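Below is one structure; the comments refer to it alone.
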Amino acid sequence: MQGVLYVSHGSRVPEATQEAIEFITDVQQQVDISLQTICFLELAEPTIAEGVETLVKQGATTIAVIPVLLLSAGHYFKDIPQAITTIQQQYPHVSFTYGQPLGVQSRLTQILQTRINETAIPINEDAQILVVGRGSYNPQTQVDITAIAQELQTLLPVNDIEVCYLAACKPSFEDALSSALESEYSQIFVVPYIWFTGILERHIAQTVDTTKSSSDIVLCDHLGHHPAIKEALKDRVLEAVTQV
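Numbering-wise (the UniProt record's numbering), the sequence shown opens with residue 1 and increments by one.
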């Protein structure tokens, strides 16, 4: 019997955990599979092991593990597979398939355009857009964020789009914002490529709030509950359950 295990990152911020649960629950309702459950990689419960146990007790003999992640990085390549390998020893009669993170997709880049438009602030010709990624030691992260920024460039009437990161990669968000301020752009749009709210988004907001500048700094919303990203996750589920 088919089961689906959604593995979200987890957060110390209760609102972030709740946002992830509500998002995934919406996707579950669009997937015609009776056995589905949510777990977290860290910082929240249930754990991956507890999620697998729940599905097995309900009768699952095949489990599609769905990483609720934007991009391929350490959690995708290392942490989740290691956890599943350990757990699989407890359930030798259960087979597992492993889905993909969302990756770089035009429909997700278009959400960034939507988040900018939602500010209802016209973009000046000399504005700068800062696309803020989470960051990772995996080099693919920078490749992906750069590709996203390049595609966003084709969607907006602005010449300068830069990428920056909250951890592990350079330039850091703080350095990129400082550089933008020194360049005296009339506007700086800060666009988080972050799925759910949490500590990272709060850090961005606090940094923007405490930065004094003659430029207009416009903070856009995170990706959140946009229909396109729900559709993208549903597609990853359907791909994983049809793996041979």
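Positions of the beta carbon are idealized from the N, C-alpha and C atoms, including for glycine.
Everything numeric in this text was worked out from a predicted model, so none of it was measured.
Under a 10 Å Cβ-count criterion, Thr197 is classified as buried, with 16 or more other Cβ atoms of the shown protein chains found around its own Cβ.
Spanning the alpha carbons of Arg115 and Tyr91 requires a straight line of approximately 44 Å. Residue burial is scored here from C-beta neighbours: Ser214 has fewer than 16 other C-beta atoms within 10 angstroms and is therefore classed as exposed. As the crow flies, the alpha-carbon of Leu166 is around 14 Å from that of His222. Exposure of Ala120 is indicated by the presence of fewer than 16 other C-beta atoms within 10 angstroms of its C-beta. Here Ala73 carries a coil assignment [DSSP, helix/strand/coil]. Excluding five sequence positions before and after Pro101, the CB atoms of its chain that fall closer than 7 Å to its own CB belong to Pro67, Leu69, Leu70, Leu71, Ser72, Tyr76, given in chain order.
According to DSSP, Glu162 shares a beta bridge with Leu130. The Cβ atoms of Ile63 and Val27 do not sit closer than 8 Å to each other. Between Asn124 and Val158, the alpha-carbon positions lie close to 7 Å from each other. With the rule of 3 Cβ pairs closer than 8 Å, the stretch 42 to 53 does not count as touching the stretch 225 to 236. In chain order, Thr141, Tyr165, Leu166, Ala167, Ala168, Cys169 place their CB closer than 8 Å to the CB of Gly135, counting only its own chain and leaving out the 5 sequence neighbours on each side. Going by DSSP, Phe23 is part of the alpha helix (DSSP H) stretching over 14 to 28. By the Cβ neighbour-count rule, Asp144 is buried, with 16 or more other Cβ atoms within 10 Å of its own. Secondary-structure assignment with DSSP links Phe173 through no beta bridge to anything. With 16 or more other CB atoms across the displayed protein chains lying within 10 angstroms of its CB, Ser11 is buried. Beta-bridge pairing by DSSP links Cys220 to no other residue.
Rounded to the nearest angstrom, the gap between the Cα atoms of Gln88 and Val4 is 15 Å.
Classified as buried, Asn138 has 16 or more neighbouring CB atoms from the shown chains inside 10 Å of its CB.
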